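Notes follow the structure.
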Amino acid sequence: MTPSLSRYRRITVKIGSALLVDRTTGLKRDWLASLVDDIAGLVEGGADMLVVSSGAIALGRSILGLGRRALRLEESQAAAAAGQIALAGAWSEQLARRGLKSGQILVTLGDTEERRRYLNARATIGTLLKMKAVPVINENDTVATSEIRYGDNDRLAARVATMMGADLLVLLSDIDGLYTAPPAQDPTARFIPVVDAITSEIEAMAGGAASELSRGGMRTKIDAGKIATAAGTAMIITLGSRMNPLSAIGRGERATFFRPSANPVKGYKSWIAGQLEPAGRLVIDAGAVGALLSGKSLLPAGVSAVSGSFSRGDTVAILGPDGREIARGLVAYDAADAVRIAGRKSSEIPAVLGYEGRSAMVHRDDLVVSRALEETGAMRTQG
39 MTPSLSRYRR ITVKIGSALL VDRTTGLKRD WLASLVDDIA GLVEGGADML
89 VVSSGAIALG RSILGLGRRA LRLEESQAAA AAGQIALAGA WSEQLARRGL
139 KSGQILVTLG DTEERRRYLN ARATIGTLLK MKAVPVINEN DTVATSEIRY
189 GDNDRLAARV ATMMGADLLV LLSDIDGLYT APPAQDPTAR FIPVVDAITS
239 EIEAMAGGAA SELSRGGMRT KIDAGKIATA AGTAMIITLG SRMNPLSAIG
289 RGERATFFRP SANPVKGYKS WIAGQLEPAG RLVIDAGAVG ALLSGKSLLP
339 AGVSAVSGSF SRGDTVAILG PDGREIARGL VAYDAADAVR IAGRKSSEIP
389 AVLGYEGRSA MVHRDDLVVS RALEETGAMR TQG
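At position 268 of the sequence shown (counting the first as 1) the number is 306 in the numbering used here, and the numbers step up by one without a gap.
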């Protein structure tokens, strides 16, 4: 049921640490060579290929002899510094073997969350693609800390895919797809071949990270799917440990296919929708939910609670009465002023704040409603 990869014009592939690095012997060179053969075949077929590669810290552990123990922040950063050189060299060597040029891009969270840096990163990667090079992208773990990091390369890969207009994101994982429950814990878990939309039921199926070499898990893959599919990018989760893992998808090996939205968010709004770490949260009432579904702005009157420390123009998550996130947008007020006008009519803003502010807390031009909420609203309309 998974479409052939040959139909896609631009593909982002994410590789986890455990696939690339053996705990005792280091880099899995034969496996990497087989993956590069797959990548080269797709490039020869006319596709642009982007690689988001984990493995720097895991490889650095091996190089520096740090073993499996928990690392202090400075040790993780040192491992990343040692591992990144070896990792970049291995990718360059293998891609060159198939006649492909490559370029390394190291990013931090701000490179995709801040609009100007986002556009700069997009231009750099786009130029590499025009020059027929394969960008190899990773988080800059040598400087990232827990406060300023993606935390996993699944969401980073989704961010890169949507930033570059990829029509497919492939997450090579240590599991062959999505199940109704973590199969290692529940032998009755059922495999799900196709996901039409990421609903709360789909989100509930996610588990935790599978090994000490990775920071992700099915939870982060579902988060990646929400970012990708909302922007019109299809996503596949499949087992990456087999040789030639991309060719295996074409042979019909098991994989879960996530359909892209039929009404994708594009351009400026895809940047808003893909923001990984909202600066704050607004809880809204049922009436405001209905207003968002009808394409209206979020007015202060519909806001029942405000949390977080944010400034005007920051991205905030918008939660429904049940606490589920239903939208994201750029807020028109600082947090302190948002608290003061929450629940108030727009006409009261000048008297409360002492200045003439915007009538909307989040204007509809700066707001993206979640795909699941849009589909719920559509079903209600049809009913």
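For each residue, glycine too, the CB sits at the ideal point set by N, CA and C.
All figures in this text were calculated on a predicted structure; none of them were measured in a lab.
V303 carries a coil assignment under DSSP once its states are collapsed to helix, strand and coil.
Contact between the segment 308 to 317 and the segment 142 to 159 is present, with at least three C-beta pairs closer than 8 Å. DSSP places D86 in no alpha helix (DSSP H) but in the uninterrupted beta strand (DSSP E) bounded by D86 to S91. In terms of CA proximity to E177, A195 leads the group A195, K170 and I163. With 16 or more neighbouring CB atoms inside 10 Å of its own CB, G255 falls in the buried class. Going by beta carbons, R297 and A272 fall inside the 8 Å limit. Inclusion of R319 and L357 in the CB contact set at 8 Å is warranted, their separation being smaller than that value. Counting along the chain, A343 sits inside the beta strand (DSSP E) bounded by residues V341 to G346.
Nearest to R48 by alpha-carbon distance, out of Q223, G270 and P283, is G270. DSSP places L209 inside the beta strand (DSSP E), whose first and last residues are L206 to S211. The residue among I95, L133, Q132 and D192 with its C-alpha nearest the C-alpha of A116 is I95. Under DSSP, R366 shares a beta bridge with A355 and V406. E291 carries a coil assignment under DSSP once its states are collapsed to helix, strand and coil.
Scanning L73, D86, D179 and A171 for the CA closest to the CA of R110 turns up D179. The three-state secondary structure of K52, taken from DSSP, is strand. Rounded to whole angstroms, L331 and D404 show a C-alpha spacing of 14 Å. Taking C-beta separations shorter than 6 Å and ignoring five residues to either side along the sequence, the partners of Y217 in its chain run A227 and F229, following chain order.
Residue environment analysis places V181 among the exposed positions, since fewer than 16 neighbouring C-beta atoms fall within 10 angstroms of its C-beta.
When DSSP states are grouped into helix, strand and coil, P388 belongs to the helix group.
Here A118 carries a helix assignment [DSSP, helix/strand/coil]. Residue range A324 to L331 is occupied by the alpha helix (DSSP H) that includes L330. For S211, the number of other beta carbons within 10 angstroms of its own is at least 16, and it is reported as buried. For N178, there is no enclosing beta strand (DSSP E), as DSSP marks it with neither H nor E.
For G215, the secondary structure class from DSSP, reduced to helix, strand or coil, is coil. Closest in C-alpha terms to Q132, from the list E82, R106 and V74, comes V74. G333 and G148 have their C-alpha atoms spaced approximately 30 Å apart. In the three-state DSSP reduction, R319 falls in the strand class (E or B). Counted as a single uninterrupted DSSP element, the beta strand (DSSP E) harbouring I274 occupies residues A272 to L277. Unbroken alpha helix (DSSP H) stretches of 4 residues or longer found wholly inside the segment 105 to 160: 111 to 135 and 148 to 151, given in chain order. If you compare the alpha carbons of R99, S279 and T237 with that of D68, the shortest gap goes to S279.
In the DSSP assignment, T267 falls within the alpha helix (DSSP H) that extends over M256 to A268.
Annotated as proximal: I287 and I274, with beta-carbon spacing under 8 Å. Collapsing the DSSP output to three states places I230 in a strand.
With a cutoff of 8 Å on beta-carbon distance, A373 and G346 are scored as near each other.
For E386 and R378, the gap between their C-alpha atoms comes out near 11 Å.
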